[in-house]
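Take the sequence shown: its position 63, counting from 1, is numbered 63 in this note's numbering, and each next residue is one higher. The beta carbon of each residue, even a glycine, is placed where N, CA and C say it ideally should be. Computed from a predicted model, the values in this text were never measured in an experiment. Since the structure comes first, as structure tokens, the remarks are kept for the end.
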Amino acid sequence: MSTMSDHLATDALKTYPCSECDSTFASRYSAKVHMRRHTGERPYPCGICDKSFSQMAIQINHRRTHTGERPFPCDLCPKAFATESTLSNHRRTHTGERPYSSELCDKSFAVPSTLNNHYWTHKRNTCYRCGVTFCDYKKLKEHRLSVHPRAVVAADAGDNDNERRTATATTTTEL
């Protein structure tokens with residue numbers, strides 16, 4: 001007779017591969033839910049609007065946008081939230097925790113979406129001469145003035161399109 005620990009050890013070795021991509025899953029249910037990405041199946045309709053969802057939990061969270069239900073109260077202030085993850089993100093406003101760090105600079109953020117938005121500042125503020133990125137345009141401009149002074153022209157008043165044109169024009173004239 002097998003014990004529960006034997007069962008769990010055997011079950012932990014199982015993987016459920018996706019027949020459409022290279023993903024594998026620890027449970028049959030996870031593989032089934034994943035397969036809905038490939039098939040487009042959305043068996044959980046909202047019931048209030050015409051949206052439907054691949055997972056019941058997502059449908060429940062969505063319905064709260066219609067009902068205004070906020071079952072997750074903050075224990076530190078009077079606010080309440082529709083999802084546990086939103087409450088978790090909110091709690092960081094009280095604790096000051098910032099677990100999401102930029103790999104490109106020393107800034108960190110409380111919410112993952114804010115980190116993703118932050119990465120766009122680096123992309124927008126990239127030196128087209130050497131590829132160095134900056135969090136804000138002022139630092140990029142300081143860099144350009146000190147490192148690439150010949151590439152900076154009087155007409156450069158602020159946007160990266162000017163820098164790209166300047167860098168291209170300077171490179172062309174230096175050839």
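In DSSP terms, what residue i is bridged to
i: Ala-80; result: Pro-73
i: Tyr-137; result: Beta-bridge pairing links Tyr-137 to no other residue.
i: Tyr-128; result: DSSP output for Tyr-128 lists no bridge partner at all.
i: Ser-108; result: Ser-101
i: Ser-52; result: Pro-45
Coil, strand or helix - residue i by DSSP
i: Thr-15; result: coil
i: Tyr-29; result: helix
i: Ala-154; result: For Ala-154, the pLDDT reaches just 39, beneath the cut-off of 50, and the residue's location in the model is therefore unreliable, leaving the point undetermined.
i: Pro-149; result: helix
i: Ser-23; result: coil
Buried or exposed by the 16-neighbour rule on C-beta atoms within 10 Å, applied to residue i
i: Ala-154; result: With a pLDDT of 39 at Ala-154, under the threshold of 50, the modelled position of that residue is not reliable, and the figure given next carries that caveat. Ala-154 is exposed by the Cβ-count criterion.
i: Asn-117; result: exposed
i: Arg-144; result: buried
i: Arg-129; result: buried
i: His-94; result: exposed
i: Leu-76; result: exposed
i: His-38; result: exposed
Delimiting residues of the alpha helix (DSSP H) encompassing residue i
i: His-122; result: 112–124
i: Ile-58; result: 56–67
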